[in-house]
């Protein structure tokens, strides 16, 4: 952050300020579900206070699948029907997706962006589970994946002219978007995303990870390894659209913990198709 | 109708000298209807010895009903040998998973991933198809009707009631009688309890006239407070439930993997003794512990 000029810092700060607050309920669900012994009634009480999350849960449960005799109209009832663990996992899914904006100005491909973020999140979580279990919380890996490019949303929404120029620059000069952003705006989406994550009082590891995900010299952490490698896998498979017009020809070396062969790594984490299918169904519900 | 137990253990297969009488395989129950249609409830490791038996009489036409997707109830499925033989027909029924948003076919997909199993589904030569089940919507299999009922477990779990020739059997799969998530002092306690009571009443009504109840009875009442929310019932709770429903036979199953035969029989005897005879109640219910090879004819 030290290289930002005071003027730029003020401008970015204003953009970040205009983003919606990270809903408290989402934060609480993420916090509560990290504790295996959390009380079911606490989760219910958080969900009940969030009308959006509540409505999404009702919508899924009242779908034809369970042929329930009566329409579910309370969170308590949904717990009786489907059990607290299922409701908890539904809320967790919606919590993570619900913070993304629905529409964007300037032709930004929200659906593609959402898919990219969700698949990176899913892959990062899987990498965390398989390769970094003791060092990084898979839940944090998921959130890091989901939000690593969130700075682009801030820029596209509140500094649309500059962001558009950066995208054009990246396409024209064949450079990665974050380099173009540094050149045109003076800061990249990692820095902006980190400011937002910091405002949302995310854990410092997550803030650092979002800020530095395009800084090769940054101190490596398990969380960062999982995020970067997930991002590489997803970009190489061209899943979704990160908003970055630049494509690398070959993958940079993955951190040692994953071995040096990305294709083999994809096989090791199982099917990418499964993560994509899950992401697509979430992306769809998120916008219903 | 005939009911035969091939796997009775909960959580993880537990072979060894201490489980030799009741068996170490995880859940699998074979039901033969009056016209000899084959219904299989769950595909735990017990489905493998059943498969060996079935190979003696080909072709196999099987309807497998999955109560839920937890590991101990699905892990035998790739080892169900009739799946590999052309001419066999295997129909797999199960509920929709609201969290993964996938149907019963995910049970096979997930297990047959490259890293975990050497065979792909395309290489299984039986005719395999998948059918989603909905709560309360009956499915006809031969001369029997199978009705799925939504129960309580950390993942969506359907119990199945099978009716054939005027006789009936119900298997819970994994089920914890709905606990109240509120403390008695909480304002919400009474309302939540009302919802639970209503749910239990609906279930009991759907089980009216039942002959055999096969119920998840993993824990003892004394063990239960440390296991609330884990999704399993108790021996004492199942005994009381069987009596309340007035079933002819209650079979307690899903035995704890670390509970050996002697210990299992001891806690069962204690639970029966604690239930005791009730004044003025005529109780003809037969109470059994499930064991591999147990066959009930009705």
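Residue numbers (the numbering used here), protein chains in the order written: chain A, 896 to 1183; chain B, 14 to 311. Glycine is no exception: its CB is placed at the ideal position from the N, C-alpha and C atoms. Predicted, not measured: the structure shown is a model, and the values here were computed from it.
Sheet register partners of residue i (DSSP bridge)
i: residue 77 (chain B); result: B:53 and B:105
i: residue 229 (chain B); result: B:266
i: residue 177 (chain B); result: B:157 and B:180
i: residue 172 (chain B); result: B:162
i: residue 16 (chain B); result: B:44 and B:309
i: residue 152 (chain B); result: B:159
i: residue 110 (chain B); result: B:115
Whole-angstrom distance between residue j and residue i, CA atom to CA atom
i: residue 37 (chain B); j: residue 68 (chain B); result: 22 angstroms
i: residue 150 (chain B); j: residue 253 (chain B); result: 27 angstroms
i: residue 78 (chain B); j: residue 180 (chain B); result: 19 angstroms
i: residue 127 (chain B); j: residue 1162 (chain A); result: 7 angstroms
i: residue 944 (chain A); j: residue 215 (chain B); result: 29 angstroms
i: residue 1036 (chain A); j: residue 1101 (chain A); result: 9 angstroms
i: residue 50 (chain B); j: residue 1016 (chain A); result: 46 angstroms
i: residue 1121 (chain A); j: residue 1087 (chain A); result: 21 angstroms
i: residue 221 (chain B); j: residue 257 (chain B); result: 10 angstroms
i: residue 922 (chain A); j: residue 279 (chain B); result: 48 angstroms
i: residue 300 (chain B); j: residue 61 (chain B); result: 27 angstroms
i: residue 1082 (chain A); j: residue 1031 (chain A); result: 27 angstroms
i: residue 1113 (chain A); j: residue 1090 (chain A); result: 17 angstroms
i: residue 310 (chain B); j: residue 223 (chain B); result: 14 angstroms
i: residue 1103 (chain A); j: residue 1067 (chain A); result: 30 angstroms
i: residue 924 (chain A); j: residue 14 (chain B); result: 48 angstroms
i: residue 942 (chain A); j: residue 1029 (chain A); result: 30 angstroms
i: residue 1052 (chain A); j: residue 1173 (chain A); result: 27 angstroms
i: residue 28 (chain B); j: residue 264 (chain B); result: 21 angstroms
i: residue 101 (chain B); j: residue 936 (chain A); result: 48 angstroms
i: residue 1183 (chain A); j: residue 249 (chain B); result: Low confidence applies here, because residue 1183 (chain A) scores a pLDDT of 49, under 50, leaving its location unreliable and the question unanswered by this model.
i: residue 99 (chain B); j: residue 1073 (chain A); result: 56 angstroms
i: residue 42 (chain B); j: residue 52 (chain B); result: 8 angstroms
i: residue 897 (chain A); j: residue 956 (chain A); result: Low confidence applies here, because residue 897 (chain A) scores a pLDDT of 47, under 50, leaving its location unreliable and the question unanswered by this model.
i: residue 20 (chain B); j: residue 193 (chain B); result: 31 angstroms
i: residue 116 (chain B); j: residue 145 (chain B); result: 6 angstroms
i: residue 218 (chain B); j: residue 1033 (chain A); result: 43 angstroms
i: residue 906 (chain A); j: residue 1070 (chain A); result: 25 angstroms
i: residue 969 (chain A); j: residue 982 (chain A); result: 12 angstroms
i: residue 1010 (chain A); j: residue 1041 (chain A); result: 10 angstroms
Residue i: contacting residues in chain B (beta-carbon distance under 8 angstroms)
i: residue 955 (chain A); result: 111
i: residue 988 (chain A); result: 112
i: residue 1067 (chain A); result: Neighbours of residue 1067 (chain A) on chain B: none; closest Cβ ~41 angstroms, over 8 angstroms.
Within chain A, the residues that residue i reaches when beta carbons sit closer than 9 angstroms
i: residue 84 (chain B); result: Per Cβ cutoff of 9 angstroms: no residues; residue 84 (chain B) is ~15 angstroms from chain A at best.
i: residue 201 (chain B); result: 936, 939, 940 and 971
i: residue 71 (chain B); result: Simply none; closest approach about 33 angstroms.
Alpha helix (DSSP H) segment containing residue i, residue limits
i: residue 1077 (chain A); result: 1072-1079
i: residue 902 (chain A); result: 901-913
i: residue 120 (chain B); result: 119-124
i: residue 1088 (chain A); result: 1084-1094
i: residue 888 (chain A); result: The structure shown does not extend to residue 888 (chain A), since chain A is modelled only from 896 to 1183, so the question has no answer here.
i: residue 202 (chain B); result: 202-219
i: residue 1064 (chain A); result: 1055-1068
i: residue 936 (chain A); result: 935-943
i: residue 252 (chain B); result: 248-258
i: residue 1157 (chain A); result: 1157-1163
Chain-ordered neighbours of residue i on chain B, where CB pairs are closer than 7 angstroms
i: residue 1166 (chain A); result: 126
i: residue 985 (chain A); result: 111 and 112
i: residue 1127 (chain A); result: Under the 7 angstroms cutoff, chain B gives no residues; its nearest Cβ is about 20 angstroms from residue 1127 (chain A).
i: residue 904 (chain A); result: By Cβ distance, chain B contributes nothing, its closest Cβ being about 42 angstroms from residue 904 (chain A), past 7 angstroms.
Boundaries (first-last residue) of the beta strand (DSSP E) holding residue i
i: residue 300 (chain B); result: 299-302
i: residue 141 (chain B); result: 140-145
Neighbouring residues, chain A, relative to residue i (Cβ below 7 angstroms)
i: residue 242 (chain B); result: 935 and 979
i: residue 208 (chain B); result: 971, 972 and 975
i: residue 205 (chain B); result: 971
Interface partners of residue i on chain A, CB under 8 angstroms
i: residue 191 (chain B); result: 975
i: residue 212 (chain B); result: 975 and 976
i: residue 232 (chain B); result: None at all; the shortest Cβ gap to chain A is about 17 angstroms.
i: residue 237 (chain B); result: The premise fails here: residue 237 (chain B) is roughly 16 angstroms from chain A at the closest Cβ pair, so nothing lies under 8 angstroms.
i: residue 195 (chain B); result: 936
i: residue 183 (chain B); result: Neighbours of residue 183 (chain B) on chain A: none; closest Cβ ~18 angstroms, over 8 angstroms.
Residue i Cβ short of 6 angstroms to the ligand PLP heavy atom set
i: residue 1158 (chain A); result: For the ligand PLP, the structure offers nothing, since it holds no ligand at all.
(message) Which residues of the stretch 162-179 of chain B have a Cβ closer than 7 angstroms to any Cβ of chain A? Give them in chain order.
(response) Contact residues of the stretch 162-179 of chain B toward chain A are 163, 165, 166, 167, 168 and 169 (C-beta to C-beta distance below 7 angstroms).
Check distances from the C-beta atoms of the stretch 1003-1037 of chain A to those of chain B and list, in chain order, the residues that come in under 8 angstroms. none
Anything in the stretch 962-980 of chain A with a Cβ closer than 9 angstroms to a Cβ of chain B? List those residues in chain order, please.
962, 963, 964, 969, 971, 972, 974, 975, 976, 977, 978, 979 and 980
*Given a limit of 8 angstroms on CB to CB distance, which residues of the stretch 926-952 of chain A reach chain B?*
934, 935, 936 and 939
task = Report the residues of the stretch 132-166 of chain B with a CB closer than 8 angstroms to any CB of chain A, ordered along the chain.
result = Against chain A - using a Cβ distance shorter than 8 angstroms - the residues of the stretch 132-166 of chain B are 145, 147, 148, 149, 150, 163, 165 and 166.
Note to self: Short of 9 angstroms Cβ to Cβ, which residues in the stretch 1147-1164 of chain A face chain B?
What the structure shows: 1162, 1163 and 1164
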